[in-house]
Every structure is written in C-alpha cells, then in structure tokens.
Amino acid sequence: MMKILFAASEIYPLIKTGGLADVAGALPLALRKKGCDVRLIMPAYNGILDKVAPIHNTINLGNPFGVGDLLLLESHLPENDTPIWLVQCQALFERDGGPYVDNHGLDYADNHLRFAAFSWAVAHIISNSTVINWQADIAHLNDWQTGLAAAYLHSWGNQDSAVVTTVHNLRYNGSFAQEKFYDLQLPHHMFNMHGLEFYGQFSALKAGLVYADAITTVSPTYASEILTPHYGDGLDGVLTAMQGKLTGILNGVDYDQWSPEKDALLAINYDKNSLHLKQDNKRLLLEECGLDTHLDQPVLGIVSRLTEQKGLDLVLEVMPNMLEQGCKLVLLGSGDKQLEAGFLELQKRYPQQVSVRIGYMEDYSHRLQAGVDALLIPSRFEPCGLTQLYALKYGTLPVVRRTGGLADTVFEGGDKANGFVFEEASAHALYEALQRTVEAFRDTEKWQQLQTNAMSYDYSWQAVTDQWLGLYQSLLNNR
Ligand code: ADP
Ligand code: GLC
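All residue numbers for the sequence shown refer to our numbering, where the first residue is 489 and numbers rise by one.
Next comes the structure, spelled out in structure tokens:
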C-alpha cells in the first residue's frame, strides 16, 4: 500500500481561503478510496482543534527555531477518518485573523518563520520514521507554504521518500528578504541561484520546485503557460530547466459536496431532468438578495477572491452597460479594497439589479451557484479554477477567459459546448462574450441544451486519481 504524507496550509472543511483547501480536502480522500494510505499534515491554527476528532497522541518535536516547542498532535477528520497531524506552536499559529494575514488583511510579518517551522515538522517526520512509526513513500507538498520541507529534506540527505510539489498558484512564491534566510536553519550555501535564491531574495516555492522529484500543477494548460515569461512570474526559467519533471494534472470536484441533486445547502434540489427547479433556486436567490424577481432576465454571478488575478476590474467596466440591457449581478467575494469599493458602488447605483456581499460564506456560495444563470470568471491567469467546475454541475454556464484550467474545461461552440470563452484580457472581449451569453439565454431551447451539456461533464477526482497513482508509482520505480 502506497504511503503518502499530504502537506497543506489549508484543508476543507477545517479551514479554507481558496481552491487549495478544496483540493487538500478531496484529493487525499479520492486516493484513500483507491487504497492508498494518505495522511494529512497542517498547522494547528486557532479553532482547528474543535473541528477534528479528539487528539489521541501528542509528540514533542523540540524547539528548532527558538520560538517555542513544536508539538505534533495526532487526530483524524471526523467526516471520513483520514488521519491528520496538526503542528502546534502557540507563538506561530494561534492568532486572530486568517492563516496568512491578520484581521486587517496584512501578511503576518513572520510568515517565513511560521511556514519554515511547519515545513520543518513535515520534513522531520519524513526523515525520522520512528517519530510517528510510519514511513511515507511520498511527501506531497503544496504551494510555497510547504516548499521549505523539500529544502530541509535535501539538506538532511533524505533517501526515504520521493518529493512531489504541486503548484496551485505561482504568483504566491513565498519570497522574503535575504536576511530572513538566516532564520531558516538551512546551510548558507543553499542561498544561491541553483537553490533558494530568487532575484536577491529567497523563495520558499522555488525550494519546493528545485528540490522536488516531480513538480505538478493543476491543469495541463497552466503547466505549459508557466514556461513563458508572461505567466512564469519570474520562475519560468527555473521551470523550463526542469521541464522534464513537470506535469499538469487537472483538479477534480468532490461531487458529494457539489451536486445540485443532493446539495444539503440548497432549499430545492434539482438535476438536469428538472431544470425548472433551478428557476426556483433563482427566484429564492433574488428574494434573498432583495433584487427584482422577474426570472426572464439573465442573472450573472461571481464567487471569487477579489484579486488582480481574477480580472474582475473588467467586469466593473462592462457591467453598467449589461445592467442597462436588463442583466442582474450577484457577487460574493472579498479581497482587494478597491475592487470591493467598486462593486459596492455599482450596487448603490443599481439597487434593484446588483447584490454584493463582501465576505467569505461557504453556504451562500452554494445557493449562488444554484441560483444564477451564468458565472463570470474573466481571469488574467487561472492555474485550474474550481468555481467553473462547480458551475457546470449546477447548470450555470461559465463565461471565462481562455487561460489555464479554464481553457481545459470550458468550451464554446461545437459538440463540447458548455459555456462562453474569450481570448483577450480586455473589457471589450468580455463584453462581446457577455453579448453572446445574453443572446443564447434569450433562446430558451439552446440555453437548456447548453445547461444539459454542462451538467453531463464528469470532472470528478475519480477521473484523475489514476494519473496521480501513475505519477507516484513512477517515482517509486525510479528510486
Ligand atoms: P482560487 O483558489 O484561486 O481562489 P478556485 O476557483 O480554485 O480559485 O477556488 C476558489 C474556492 O473558494 C471555491 O471553492 C469557491 O467557491 C471559494 N470561494 C471563493 N470566494 C469565496 C467567498 N467569498 N465565499 C465563499 N467561498 C468562496
Ligand atoms: C489556486 C488557483 C486556482 C486553483 C486552486 C486549486 O488557488 O488560483 O486556479 O484552482 O489553487 O488548485
């Protein structure tokens, strides 16, 4: 039985700021269903202990960074028994605010140390199997928060496990000033261009890339995009040099959580044979938002982090025009203050047609997906994107820019048609795509055909776990 330690800084349903949590909550489960022994490891942020089963073992890993002892707490997820280790260190992880930022949205000043300590704990249990009486075959790292684990393993001469690093987003590269490198307890010689050095700083993500046996990213298209300067965020050179160990494996959906026929968060369930019930969800959503409840106009939706990545400034540009044509907009999101203000302003101008909720609301995101007609995702880049996959299942047609995972999953025209796609990251191109969307919406038969098509796609984890098993196995064969 293959043994995999899956390390992530957020795991649904324990804590979530974006798609990484969804993936970390679902891929390990899919692998366990295929017979793998997968165990999770995550920092013990405030409130996490209340969400897992009672701790049944505590191991003291010592105080390698001089900020307090690192404790490894052994538990499991109540929903599905997956074993999880929580790395506890009061000074580093028990804080108000999110996993990465404080209550004002500012990065914690010691993030390098917080995630160095987490990564150190990951590497420590990989390289000392007696600590937990378990030897992982694969250390599966995710994003910059776990990248330093690959560096520790390398510096300690790890022979025990193969290291896989999955890039969910290259933009967050975990780079910090050079003087902070000396806090990491890594040998000085690793601060060079073949190691962690990144334009005079050090990058925790680069560590995860350089010292991994395999690098994956979350869609085939993003895997090729990141080899170019435009999408490479300064790491395209490094990635190109290591292209032989880079693959793109598309994310999946946990359809137990995200299916309109059994979603417990919806008042009315529906499937592709009862699309009229989606209309009821639309009415309920419009009522909940206090909008005009005529169902004959298209309702556009957005569920998103509000960041430059997501291209939502383009939506602000075209929306007044779309609203004048009778569309409505329902948005759930938070992030960039300027974007938040822009959407709130739009709501003020069009109170009958625009509803904006700033914040993070898991339950409402399901009702929104079920209630809107189309979901807007005009991303400048999108490693995979999960909201378009959820939308498809809910018969909500995605309107996307052709990039990354959006390009791999949403198609306009032809047999595969399940949404609307535009090329250029411009307000004009988005506007044209929205015109095509509204035109299709006015043709009820065509729209329903597209909805049925969209709902028939299978983007489940089951469809991609064999790719993961194949990758892990090839690494073990090469050892
Ligand atoms: P990213 O990880 O870049 O944010 P994804 O599309 O991969 O983008 O995943 C986003 C995840 O976060 C989805 O599960 C989406 O429903 C959820 N999400 C984003 N913003 C919010 C919000 N404000 N409230 C609730 N869920 C949100
Ligand atoms: C990142 C990406 C998103 C991807 C998610 C899960 O947050 O921005 O595109 O779907 O990770 O892999």
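Where is the CB? At the ideal position from N, CA and C, for every residue including glycine.
These numbers come from a predicted model, not from an experiment.
| query | result |
| --- | --- |
| For ligand 2, residues whose Cβ lies under 7 Å from any non-hydrogen atom | Gly506, Gly507, Leu508, Asp510, Val511, His656, Asn657, Val706, Asn739, Gln797, Glu870, Pro871, Cys872, Gly873, Leu874, Gly892 and Gly893 |
| 7 Å Cβ cutoff met for leucine 802 and valine 842 | no |
| As assigned by DSSP and simplified to three states, the class of aspartate 738 | Here residue 738 turns out to be leucine, not aspartate, going by the sequence shown. Of the three classes helix, strand and coil, the one that applies to leucine 738 here is coil, per DSSP. |
| Sheet register partners of lysine 881 (DSSP bridge) | Lysine 881 pairs with nothing; no bridge assigned. |
| Distance cut-off 6 Å: valine 844 Cβ against heavy atoms of ligand 4 | As for ligand 4, it is missing from this structure, which binds only ligand 1 and ligand 2. |
| Burial state of leucine 594 (16 or more Cβ within 10 Å) | exposed |
| Proximity below 7 Å, CB of valine 511 to CB of isoleucine 737 | no |
| Proximity winner among Gly789, Met810 and Lys522, relative to alanine 915 (alpha-carbon distances) | Met810 |
| Nearest-angstrom Cα separation, counted from threonine 925 out to lysine 760 | 20 Å |
| DSSP-derived helix/strand/coil call for valine 511 | helix |
| Contact test: leucine 820 Cβ vs ligand 1 heavy atom, cutoff 6 Å | yes |
| Leucine 672 - DSSP class collapsed to helix/strand/coil | coil |
| Cβ distance (whole Å) where glycine 873 is taken to contact glycine 893 below 8 Å | 5 Å |
| Cβ-based burial, valine 589 [other Cβ within 10 Å; buried from 16] | exposed |
| Contact under 7 Å by Cβ, isoleucine 543 with serine 563 | yes |
| Proximity to alanine 917 [Cα-Cα], best of Asn616, Leu864 and Leu820 | Leu864 |
| CA-to-CA distance, valine 741 to tyrosine 710, given in whole angstroms | 18 Å |
| Alpha-carbon to alpha-carbon, phenylalanine 553 and valine 896 | The identity of residue 896 in the sequence shown is aspartate, whereas the question assumes valine. Those two C-alpha atoms are separated by around 43 Å. |
| Whole-Å CB distance - tryptophan 949 paired with alanine 514, under 8 Å assumed | 6 Å |
| Closest Cα partner of leucine 885 within the set Glu870, Phe929, Gly847 and Tyr848 | Phe929 |
| Alpha-carbon to alpha-carbon, glycine 902 and glutamine 923 | 18 Å |
| 7 Å Cβ cutoff met for glycine 635 and glycine 722 | no |
| Near ligand 1: tyrosine 588 beta-carbon under 6 Å from a heavy atom | no |
| DSSP three-state assignment for serine 563, whether helix, strand or coil | strand |
| Chain-order list of residues whose beta-carbon lies under 8 Å from that of threonine 570 (same chain, five-residue window excluded) | Pro516, Leu517, Arg520, Val526, Arg527, Leu528 and His564 |
| Alpha-carbon spacing of leucine 827 relative to alanine 532, whole angstroms | 32 Å |
| Per DSSP, cross-strand counterpart(s) of serine 948 | Val741 |
| Alpha helix (DSSP H) runs wholly inside the stretch 606–675, at least 4 long, in chain order | 632–643 and 666–669 |
| Host alpha helix (DSSP H) of phenylalanine 679 (start-end) | No alpha helix (DSSP H) holds phenylalanine 679; DSSP gives it neither H nor E. |
| Three-state secondary structure assigned by DSSP to lysine 491 | strand |
| Environment of tyrosine 699 [buried if 16+ CB atoms lie within 10 Å] | buried |
| Ligand 1 heavy atom lying under 6 Å from the CB of arginine 793 | yes |
| Assigned secondary structure, serine 853 (DSSP; H/G/I helix, E/B strand, else coil) | helix |
| Span separating the alpha-carbon of isoleucine 614 from that of threonine 653 | 15 Å |
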